[in-house]
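Colleague: Quick one: structure below, then a few questions.
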Amino acid sequence: IKNIISSSILLSPKIIFVVPRLIECLINENYNLKHLFKGLDFLSVGGAELKNEVEKKLQQNNIGIAIGYGATECGTRITLATAQEYKSGSVGKVVSGLELKIADTGEILVKGENVMAG
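For the sequence shown, our numbering gives the first residue as -11, with consecutive numbering after it.
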């Protein structure tokens, strides 16, 4: 984490792509998120569920969130909510060019050119 933080502060990025667990670690280590992410436009979050307490902490520090849902066999991104579109508890809208439906079993079914065959 310290290497990531050092790089982040030196580079002053506008967008950081991150898994929620990293943010959880920063919160658990009591890092000052507002200072750490100064100048950041938003965090692009994916790869796991964003816990409510992590979301609240980011919002309390005025850190924007863009979030999505994906799968490796779909070229990663299936849904996306930009920082402007973000709504708590949502992973956004289906990406253009994809079809999505939920099977009776609860399985997420995706159809599109970016879905790996086989």
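Where a beta carbon is used, it is the ideal one built from N, C-alpha and C, also for glycine.
Only a predicted model underlies this, so the values are computations on that prediction, with no experimental measurement involved.
(1) At the level of alpha carbons, what is the spacing between E73 and I55?
(2) Please return the same chain residues whose Cβ sits closer than 7 Å to the Cβ of P8, not counting the five positions on each side in sequence.
(3) Pick out whichever of N49, N18, E17 has its Cα sitting closest to the Cα of L31.
(4) Closer than 6 Å by C-beta to K195: which residues in its own chain qualify, once you throw out the five before and the five after it? Chain order, please.
(5) What's the call for I90, buried or exposed, on a 16-neighbour Cβ count within 10 Å?
(6) Can you give me the Cβ contacts of V79 inside the same chain, cut-off strictly under 7 Å, excluding the 5 residues immediately before and after it?
(7) Please name the residue or residues paired with F5 in a DSSP beta bridge.
Modeller: Looking at the coordinates:
(1) For the purposes of this step, residue 73 is identified with residue 85 of the sequence shown, where counting begins at 1. For the purposes of this step, residue 55 is identified with residue 67 of the sequence shown, where counting begins at 1. Approximately 9 Å, taken between the alpha carbons.
(2) Taking the sequence shown and counting its residues from 1, the one referred to as residue 8 is at position 20. Excluding residues within five positions, the ones whose Cβ falls inside 7 Å are V33, A36, E37, L38, K39, V42.
(3) One-based indexing of the sequence shown puts residue 31 at position 43. Selected option, being the one with the closest Cα: N49.
(4) Examination of residue 195 is not possible in this model, given that the chain is present from -11 through 106 alone.
(5) For this step, residue 90 is matched to residue 102 along the sequence shown. Per the 10 Å Cβ criterion, exposed.
(6) As a working mapping, residue 79 is identified with position 91 in the sequence shown. I55, G56, Y57, T67, A69.
(7) For this step, residue 5 is matched to residue 17 along the sequence shown. In DSSP, F5 forms a bridge with S32.
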